[in-house]
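In this note's numbering, the protein residues as written are 6 to 177. The beta carbon of each residue, even a glycine, is placed where N, CA and C say it ideally should be.
Here's what the structure looks like:
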């Protein structure tokens, strides 16, 4: 059920986290730590505050947030173990309809990426098709680790914005 900014501004902390905790994959702490910043003027303001919480977190917490994301078209996806949001997002990008060659390439790139950076490749799948995702995986493998962590957090911000848009009513 969609929620308005007004209802989010007036709810208690547990309700706020219950509604928004899923925006950042397995990391309800982002919503919890953003709660005291209420009231939010609009969805953009709420999203900005959530992202400030994420970006202001210690490096180990940011890394844990990135690591909370599943591999694209990985074992968890094949076993049906993704969160509802992740499953919908990967499906929107066509990652549930890979041919054998594409599946093998994504698996190889997932492993190479994790070996290089120590966390899974993160991209806003809803804003990319599978070919663009594969190209981005190849290109980002050559990034320096600090740049790649920053890129992953930027992609997480995009994912959170789309999930937020799905969660709240858009009012003027």
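Give me whichever residues DSSP pairs with residue i in a beta bridge.
i: residue 173; result: 8
Taking all protein chains shown into account, decide if residue i is buried (16 or more other Cβ within 10 angstroms of its Cβ) or exposed.
i: residue 76; result: buried
i: residue 177; result: Low per-residue confidence applies at residue 177: pLDDT is 39, beneath 50, and the placement is therefore not dependable, though the value from the model is reported in the following sentence. With fewer than 16 Cβ atoms within 10 Å of its Cβ, residue 177 is classed as exposed.
i: residue 174; result: exposed
i: residue 109; result: exposed
i: residue 157; result: buried
i: residue 105; result: exposed
i: residue 49; result: exposed
i: residue 140; result: exposed
i: residue 83; result: exposed
i: residue 9; result: exposed
i: residue 91; result: buried
i: residue 61; result: exposed
i: residue 63; result: exposed
Thinking C-beta only, is residue j closer than 7 Å to residue i?
i: residue 125; j: residue 74; result: yes
i: residue 144; j: residue 98; result: no
i: residue 128; j: residue 152; result: no
i: residue 22; j: residue 58; result: no
i: residue 78; j: residue 114; result: no
i: residue 28; j: residue 132; result: no
i: residue 42; j: residue 54; result: yes
My assumption, with CB atoms under 8 Å, is that residue i sits in contact with residue j. Please give the rounded CB distance.
i: residue 52; j: residue 165; result: 7 Å
i: residue 95; j: residue 130; result: 5 Å
i: residue 40; j: residue 18; result: 5 Å
inquiry  = Suppose only complete runs of 3+ residues qualify. What are the beta strand (DSSP E) ranges in the segment 16-85, listed by chain order?
reply    = none
request  = Return the chain-ordered ranges of every beta strand (DSSP E) run that is complete within the segment 95-141 and spans a minimum of 3 residues.
outcome  = none
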